[in-house]
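The numbering used here applies: residue 4 is where the sequence shown begins, and numbers increase by one.
We treat Cβ as the ideally placed atom computed from N, Cα and C, and that holds for glycine.
Predicted, not measured: the structure shown is a model, and the values here were computed from it.
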Amino acid sequence: TSDDPHEARDLAQTLAQVFTEEHLARRSRQDRETREFIEKQLDLSKSSLAAAEQRLQSFREANRYPVDDDNIRVRIEEQVSLGTERRRIVGEIEELEAQLTQLRQRLALSDSMLAGRVSVDNAEAGGRKLDWIGSPQGAGPLGLLNDRMLELETEKQRLLEQYRPTFPRVREVEREIHTLLSELIEETETYVNSRKAQVAQLDSALGAIRVMFANIPESQRRYAQLLREVKLREEQYAFLSEKYQEALIREADQADEVTVVRPAMLNTRPINIHMARTLGVGFAVGLMLGLVLAYLFETFDTSIGTIEDVEEYLEVPVLGVIPNINVEAVKEHMIKSNPALEGKPGLDASSRLVTHYAPKDPVAESYRTLRTTLQFRSITNPVKTITATSASLQEGKTTTLVNLAITLAQGGTRTLLVGCNLRRPTIYRIFGLEQEPGVVDIVMGRLPWRETVRTVTDIIMGELGMDSALMTPGMENLHIITSGGIPPNPSEMIASEKMKEFIAESREEYDIVLFDAPPTLPVTDAAILANRTDATLLIYRSGRVPRAALKRAKVQLEAVGARVLGVVLNDLKAEIAGDIGSHYYGKYYGASGEQEVVSGGGRERGVLARLLALFGAGTLRRGSRSPEPPSE
Numbered sequence: 004t005s006d007d008p009h010e011a012r013d014l015a016q017t018l019a020q021v022f023t024e025e026h027l028a029r030r031s032r033q034d035r036e037t038r039e040f041i042e043k044q045l046d047l048s049k050s051s052l053a054a055a056e057q058r059l060q061s062f063r064e065a066n067r068y069p070v071d072d073d074n075i076r077v078r079i080e081e082q083v084s085l086g087t088e089r090r091r092i093v094g095e096i097e098e099l100e101a102q103l104t105q106l107r108q109r110l111a112l113s114d115s116m117l118a119g120r121v122s123v124d125n126a127e128a129g130g131r132k133l134d135w136i137g138s139p140q141g142a143g144p145l146g147l148l149n150d151r152m153l154e155l156e157t158e159k160q161r162l163l164e165q166y167r168p169t170f171p172r173v174r175e176v177e178r179e180i181h182t183l184l185s186e187l188i189e190e191t192e193t194y195v196n197s198r199k200a201q202v203a204q205l206d207s208a209l210g211a212i213r214v215m216f217a218n219i220p221e222s223q224r225r226y227a228q229l230l231r232e233v234k235l236r237e238e239q240y241a242f243l244s245e246k247y248q249e250a251l252i253r254e255a256d257q258a259d260e261v262t263v264v265r266p267a268m269l270n271t272r273p274i275n276i277h278m279a280r281t282l283g284v285g286f287a288v289g290l291m292l293g294l295v296l297a298y299l300f301e302t303f304d305t306s307i308g309t310i311e312d313v314e315e316y317l318e319v320p321v322l323g324v325i326p327n328i329n330v331e332a333v334k335e336h337m338i339k340s341n342p343a344l345e346g347k348p349g350l351d352a353s354s355r356l357v358t359h360y361a362p363k364d365p366v367a368e369s370y371r372t373l374r375t376t377l378q379f380r381s382i383t384n385p386v387k388t389i390t391a392t393s394a395s396l397q398e399g400k401t402t403t404l405v406n407l408a409i410t411l412a413q414g415g416t417r418t419l420l421v422g423c424n425l426r427r428p429t430i431y432r433i434f435g436l437e438q439e440p441g442v443v444d445i446v447m448g449r450l451p452w453r454e455t456v457r458t459v460t461d462i463i464m465g466e467l468g469m470d471s472a473l474m475t476p477g478m479e480n481l482h483i484i485t486s487g488g489i490p491p492n493p494s495e496m497i498a499s500e501k502m503k504e505f506i507a508e509s510r511e512e513y514d515i516v517l518f519d520a521p522p523t524l525p526v527t528d529a530a531i532l533a534n535r536t537d538a539t540l541l542i543y544r545s546g547r548v549p550r551a552a553l554k555r556a557k558v559q560l561e562a563v564g565a566r567v568l569g570v571v572l573n574d575l576k577a578e579i580a581g582d583i584g585s586h587y588y589g590k591y592y593g594a595s596g597e598q599e600v601v602s603g604g605g606r607e608r609g610v611l612a613r614l615l616a617l618f619g620a621g622t623l624r625r626g627s628r629s630p631e632p633p634s635e
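In C-alpha cells, the structure reads:
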C-alpha cells in the first residue's frame, strides 16, 4: 500500500517481475544440481556394470564359454528365490515360537494376579514386561490384537504410576489383557501352523530342484549368477540414464511457470477511508481477547514452565527448542514440488522431513540450531554415537532424530541413522524404504552390517523417487539402517554382543551415528542402548507427559550409566517477539526479562503478567530469583 497511487502500482509490478525472475533462477539452479548429482551416480553405476561384465568375461575365458541354458538359469534363480523365502519363514517361525513362550508365561502371571496369588511387587514387575509385544505381522488379526495389547499395557503402566495393582481400574485392565492374551495365543498358534505347512511345500520344491541339479556342473551355476549380476547392473544403469535424460530436458526447458495475469492498475480511490476507527476497534478487541486467552492458558497449563525451570529441575541443559510442524503445509509443499507423491501411502510419514522439503522454514532452522549446539559440545568431549529417546510415547523423538540427521548430512557430516525401535519402527516409512534387512538381521548374523546400509540411491529407487530425494544437497552424506523385522525379544537383541560390535565398528566409519530408540519408561531398550553410546538426547513434548515422568526417565537412564547430554523441547507453538532474530517459543521463553516460574502446586501467570506490564499495569512476580533475559 502507499499514499501515492502511482507508487503503489509501480511497487506491485516490480514485485511481480522480481518474483518471476527469482523463481526462474531458483528452478534453473535446482535443475542443474539435480543433473550434476545424477551424473555422479551414473558414473558409479557405469563402473559397477563394467566390473560385473569383466568378471563374467573372465569366467567365460577360464571355463571355455560354458553353454547358455535358459532352463538351467531359470531353475537356479528359482532355487535361490525359494531358499531365501524358506529362510525367512523359518526365522519368522522361530521368532513366533519364542513369542508364544513369553505369551504363555504372561498369561500364567495374569491368572495368578487376578487370583490374588502374586505379591504387589511381583505384580508391578510383571505389568512392566512388554518384551513380547510386537508380532512380525503388522496387519491382519495378529497385528490388530498386538496393537490392542500394546494400548492396554500402556494404559496399565500409566495407572500404576498413580495407583496400586489392587486398584479396581487396574484389575479391570488386567482382565481385558487376560482375555486378549488367550485370543493372541490362539491366533499365533494357527499362524505358526500355516507357516510350517508352507515350509514343507518349499522343502518339496527345493528337493525336486536339487535332484535336477545333481548332474549340472558347478561352473554352470556360477555362470548363471554372474549373468544375473550383469543384468541387475544394466537395469540400474538404464534407470539412471533415463533420469539423466529427463534432467537434461528439464534443465534445457526455460518455460516460465509464473505468468502475470494482469498488470497492476492505477487506483485513485483509497481502499479504507476509516483506518483510524478500524485500528482502534481492532486493537481494543484484540487486547481483551488476548488477556482472556492468556489467563485461561496459564490457568489450565500444568506442564513445565521456562527453559530455566527445565534445566534446574533436570540438572541438564536444554539443547534445542523445536516449534510445532505444520504437517499439512509440508505435504502441500511436497506435492507442489513433486505431484507424483499425491495419494501415496507414505506421504504422511515423509511429511515429517521439514528440513528436507522446507529447508528455509523456521522449524528447519531450529534443527540447524540443535545441530550447531551438538557440534560445539563435541569439541571438548567428542560425541560420535547418540541415542535419542523420550519418557513416553508420541513425543516426536523419531521426527526430531531424522531431521537432525538430515541437517548434519547437509552440513557435510557423514551420518549414519540407525532404527533401533524394534517394536514400532517408523524410519523406513519416513524415507520410503523397505523395512528389511536391518538391525535385526545384523544381530541375528544373517548379514554383515555394511550390506544393510541404505544410501541416497535406495531412497531414489524407493517410494520418494528422484525428484523428492534430490530437493536439497547433502543427502549423499546420509546413510540409513532400518530396524528390520519385528522380533519377539527386542531388549535381548539390543543387549547382544553383536549389537555392541556393530556400534563399535560403525562409530569408526562415520562422523556421527544416531540411534532411534523406544521410550524409556515402558521398556528397557533405550536404557540398554544408551549405556553403549557416547551420549543420550531426551526428547520432551510439552504437555504430553507430566514433569515427574520426565525426571524419572532421566534418573532411569543415569542409573545404567548413560550420559544424558541434554533435553530437546519439541512441538512448541511459536511466539514471535520483535523481529526474526528474537524468536521465543511458547511459554519457554519470556519477553522483556519476565519469566514464568513453576514451584510446588502453584503457577505464575507469566504471560498475563507480561501483557499487563506492556501497558503499565504493573508486573506480576513470585519467587526470589531475579529474572534474566532469555538466550538462544
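A check of alpha carbon separations from isoleucine 483 across Val330, Pro549, Gln438 and Pro522 identifies Gln438 as the nearest. Scanning Ala55, Ile180 and Gly94 for the CA closest to the CA of leucine 112 turns up Ile180.
Just so you know, the alpha carbons of glutamate 97 and glutamate 154 end up roughly 25 Å apart. Straight through space, the alpha carbons of alanine 53 and leucine 59 are spaced by roughly 10 Å.
Counting along the chain, the unbroken alpha helix (DSSP H) around asparagine 534 starts and ends at 528-535. Taking the C-beta atoms as reference points, arginine 374 is found no nearer than 8 Å to leucine 420. Between proline 440 and the set Gly94, Ala211 and Asp514, the nearest pair of CA atoms involves Gly94. In the DSSP annotation of this structure, the continuous segment of the alpha helix (DSSP H) that includes proline 8 starts and ends at 8-65.
For aspartate 514, no alpha helix (DSSP H) run applies, since DSSP gives it neither H nor E. In the structure shown, the three-state DSSP call for isoleucine 325 is strand. Looking at Glu42, Leu251 and Met478, the one whose alpha-carbon comes closest to that of glycine 415 is Met478. Taken through DSSP and simplified to helix, strand or coil, asparagine 480 comes out as helix. In chain order, Val357, Thr358 and Ala361 place their CB closer than 7 Å to the CB of alanine 367, counting only its own chain and leaving out the 5 sequence neighbours on each side.
Per the coordinates, the alpha-carbon of leucine 184 lies some 6 Å from the alpha-carbon of leucine 110. The three-state secondary structure of leucine 230, taken from DSSP, is helix. Contact between valine 319 and glycine 487 does not hold, since the beta-carbon distance rounds to 32 Å and is not under 8 Å.
Taking 3 residues as the minimum length, the beta strand (DSSP E) runs contained wholly in the segment 373-442 are 388-393 and 418-422, in order along the chain.
Proline 451 counts as exposed, since fewer than 16 other C-beta atoms from the protein chains shown sit within 10 angstroms of its C-beta. With respect to the C-alpha of tyrosine 513, the residue from Glu500, Leu481 and Leu229 having the closest C-alpha is Leu481. The way I'd put it, the segment 520-528 doesn't touch the segment 428-436; fewer than three beta-carbon pairs between them come closer than 8 Å. Between leucine 148 and glutamate 81, the gap from beta carbon to beta carbon reaches 8 Å or more. The Cβ-Cβ distance between isoleucine 542 and glycine 399 falls below 8 Å.
Rounded to the nearest whole angstrom, the CA to CA distance from serine 381 to arginine 510 is 14 Å. DSSP places valine 558 in the uninterrupted alpha helix (DSSP H) bounded by 550-562. Between arginine 78 and methionine 215 the beta-carbon gap is near 6 Å, inside 8 Å, which marks them as a contact.
In the structure shown, aspartate 444 falls within a helical segment according to DSSP collapsed to helix, strand and coil. Boundaries of the alpha helix (DSSP H) harbouring leucine 317: 310-317, taken from the DSSP string. Within the DSSP secondary-structure output, glycine 569 pairs in a beta bridge with Leu540. Counting along the chain, glutamate 495 sits inside the alpha helix (DSSP H) bounded by residues 493-497. About 5 Å separates the Cβ atoms of leucine 322 and threonine 376, confirming a contact at the 8 Å cut-off. An exposed status is given to glutamate 504, since fewer than 16 other beta-carbon atoms sit within 10 Å of its beta-carbon. Rounded to the nearest angstrom, the gap between the Cα atoms of isoleucine 497 and alanine 391 is 14 Å.
The C-alpha of glutamate 254 is placed about 23 Å away from the C-alpha of lysine 363. In this model, leucine 99 and tyrosine 194 are separated by some 9 Å (Cα to Cα). Within the DSSP secondary-structure output, arginine 457 pairs in a beta bridge with Ile483. Counting along the chain, the unbroken alpha helix (DSSP H) around valine 357 starts and ends at 357-360.
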